[in-house]
Amino acid sequence: MSKISEASLKDDNYRVKRAFQTLLIYVRNVAKSPDEEKFRKIRLGNPKFQERAGNLKGEIEFLELCGLERGEEKKFLVFPRDKVYIRLLNYAGSLLNSAMTNPFFGLLEKVKED
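Numbering that gives the first Met the number 0 applies: residue 0 is where the sequence shown begins, and numbers increase by one.
This is the structure in C-alpha coordinates:
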(Lines of atoms letter the chains of each structure in order from A; the text may use other names.)
(Lines give C-alpha, C1' and ligand atoms only; values in the text may rest on other atoms or scores of the structure.)
Protein backbone atom coordinates (compact mmCIF):
# COMPACT_ATOMS: atom_id res chain seq x y z
CA MET A 0 0.00 0.00 0.00
CA SER A 1 1.40 3.39 -0.94
CA LYS A 2 1.97 6.13 1.64
CA ILE A 3 -0.69 8.26 -0.07
CA SER A 4 -3.39 5.59 0.05
CA GLU A 5 -2.42 4.74 3.64
CA ALA A 6 -2.78 8.40 4.65
CA SER A 7 -6.09 8.59 2.80
CA LEU A 8 -7.34 5.48 4.61
CA LYS A 9 -6.39 6.95 8.00
CA ASP A 10 -8.20 10.17 7.08
CA ASP A 11 -11.29 8.21 6.00
CA ASN A 12 -11.26 6.21 9.23
CA TYR A 13 -11.00 9.43 11.24
CA ARG A 14 -13.92 11.01 9.34
CA VAL A 15 -16.10 7.93 9.82
CA LYS A 16 -15.30 7.71 13.53
CA ARG A 17 -16.03 11.40 13.97
CA ALA A 18 -19.34 10.97 12.13
CA PHE A 19 -20.22 8.00 14.35
CA GLN A 20 -19.34 10.04 17.44
CA THR A 21 -21.61 12.84 16.24
CA LEU A 22 -24.48 10.42 15.56
CA LEU A 23 -23.92 8.90 19.00
CA ILE A 24 -24.20 12.34 20.62
CA TYR A 25 -27.52 13.00 18.85
CA VAL A 26 -28.92 9.60 19.83
CA ARG A 27 -27.66 9.82 23.41
CA ASN A 28 -29.02 13.34 23.95
CA VAL A 29 -32.52 12.35 22.86
CA ALA A 30 -32.43 9.14 24.90
CA LYS A 31 -31.36 11.04 28.04
CA SER A 32 -33.66 14.05 27.57
CA PRO A 33 -36.59 13.07 25.33
CA ASP A 34 -38.63 16.10 26.43
CA GLU A 35 -35.89 18.57 25.49
CA GLU A 36 -36.98 19.95 22.11
CA LYS A 37 -33.52 21.25 21.15
CA PHE A 38 -32.20 17.65 21.13
CA ARG A 39 -35.06 16.38 18.98
CA LYS A 40 -34.36 18.57 15.95
CA ILE A 41 -31.39 18.56 13.54
CA ARG A 42 -31.03 21.24 10.89
CA LEU A 43 -29.60 19.42 7.88
CA GLY A 44 -27.83 22.57 6.68
CA ASN A 45 -26.08 23.08 10.02
CA PRO A 46 -22.37 23.53 9.19
CA LYS A 47 -21.26 21.40 12.18
CA PHE A 48 -23.63 18.59 11.17
CA GLN A 49 -22.41 18.78 7.57
CA GLU A 50 -18.75 18.81 8.61
CA ARG A 51 -19.03 15.94 11.07
CA ALA A 52 -21.72 13.65 9.72
CA GLY A 53 -23.48 15.22 6.76
CA ASN A 54 -21.25 13.69 4.12
CA LEU A 55 -21.32 10.17 5.50
CA LYS A 56 -23.21 7.82 3.23
CA GLY A 57 -26.25 6.48 5.06
CA GLU A 58 -26.24 8.89 8.01
CA ILE A 59 -29.72 10.26 7.23
CA GLU A 60 -31.10 6.75 6.79
CA PHE A 61 -29.53 5.70 10.10
CA LEU A 62 -31.16 8.64 11.89
CA GLU A 63 -34.50 7.88 10.23
CA LEU A 64 -34.25 4.29 11.46
CA CYS A 65 -33.73 5.75 14.94
CA GLY A 66 -37.07 7.55 14.62
CA LEU A 67 -36.25 10.91 13.08
CA GLU A 68 -38.60 12.22 10.42
CA ARG A 69 -38.07 14.88 7.80
CA GLY A 70 -39.87 18.06 8.72
CA GLU A 71 -40.30 21.68 7.71
CA GLU A 72 -39.65 21.48 3.97
CA LYS A 73 -37.10 18.71 4.48
CA LYS A 74 -34.60 21.14 6.04
CA PHE A 75 -34.76 19.39 9.39
CA LEU A 76 -34.81 15.93 10.89
CA VAL A 77 -37.14 15.79 13.88
CA PHE A 78 -37.83 13.24 16.61
CA PRO A 79 -41.58 13.58 17.20
CA ARG A 80 -42.03 13.45 20.99
CA ASP A 81 -44.61 10.67 20.73
CA LYS A 82 -42.23 8.56 18.64
CA VAL A 83 -39.11 8.67 20.81
CA TYR A 84 -38.33 5.03 21.61
CA ILE A 85 -35.66 4.95 24.28
CA ARG A 86 -34.96 1.24 23.80
CA LEU A 87 -34.32 1.76 20.07
CA LEU A 88 -32.09 4.78 20.75
CA ASN A 89 -30.09 2.84 23.34
CA TYR A 90 -29.65 -0.01 20.86
CA ALA A 91 -28.55 2.40 18.10
CA GLY A 92 -26.09 4.01 20.50
CA SER A 93 -24.76 0.61 21.45
CA LEU A 94 -24.20 -0.28 17.77
CA LEU A 95 -22.36 2.99 17.11
CA ASN A 96 -20.19 2.56 20.20
CA SER A 97 -19.44 -1.05 19.31
CA ALA A 98 -18.39 -0.06 15.79
CA MET A 99 -16.09 2.69 17.07
CA THR A 100 -14.39 0.49 19.64
CA ASN A 101 -14.04 -2.53 17.38
CA PRO A 102 -10.31 -3.29 17.00
CA PHE A 103 -10.94 -4.21 13.35
CA PHE A 104 -12.50 -0.82 12.50
CA GLY A 105 -11.33 0.17 9.02
CA LEU A 106 -9.40 -3.05 8.50
CA LEU A 107 -11.61 -4.33 5.68
CA GLU A 108 -10.92 -1.22 3.61
CA LYS A 109 -7.19 -1.78 4.05
CA VAL A 110 -7.49 -5.42 2.96
CA LYS A 111 -9.49 -4.44 -0.16
CA GLU A 112 -6.72 -2.10 -1.31
CA ASP A 113 -3.86 -4.57 -0.75
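A virtual CB, placed ideally from N, CA and C, is assigned to each residue, including glycine.
Task: Endpoints, the beta strand (DSSP E) within which F75 is located - done: Taking the first residue of the sequence shown as position 1, residue 75 is located at position 76. Its beta strand (DSSP E) spans residues 75-77.
Open item on the list: Going residue by residue through the region 27-82, where are the continuous beta strand (DSSP E) segments of at least 3 residues, counting only ones entirely within it?
Closed with: Considered as a whole, the region 27-82 harbours 40-42, 68-70, 75-77 as its complete beta strand (DSSP E) runs of no fewer than 3 residues, in chain order.
- [ ] Output the boundary residues of the alpha helix (DSSP H) element that contains N89.
- [x] On the sequence shown, residue 89 is found 90 positions in, with the first residue counted as 1. For N89, the enclosing alpha helix (DSSP H) starts and ends at 85-100.
TODO: Look at the alpha carbon of R80 and the alpha carbon of Y90, and state the distance between them as a whole number of angstroms.
DONE: Within the sequence shown, residue 80 is the residue found at index 81, counting from 1. Within the sequence shown, residue 90 is the residue found at index 91, counting from 1. C-alpha separation (whole angstroms): 18 Å.
Task: DSSP-derived helix/strand/coil call for F19 - done: One-based indexing of the sequence shown puts residue 19 at position 20. F19 falls in the helix class under three-state DSSP.
- [ ] Give the straight-line distance between the Cα atoms of V15 and Y25, rounded to the nearest whole angstrom.
- [x] Within the sequence shown, residue 15 is the residue found at index 16, counting from 1. Within the sequence shown, residue 25 is the residue found at index 26, counting from 1. The straight-line gap from Cα to Cα measures roughly 15 Å.
Task: Proximal residues to R17 (C-beta, below 6 Å), its chain only, five neighbours per side dropped - done: Sequence index remark: in the sequence shown, residue 17 carries index 18 (1-based). Excluding sequence neighbours, R17 sits near R51.
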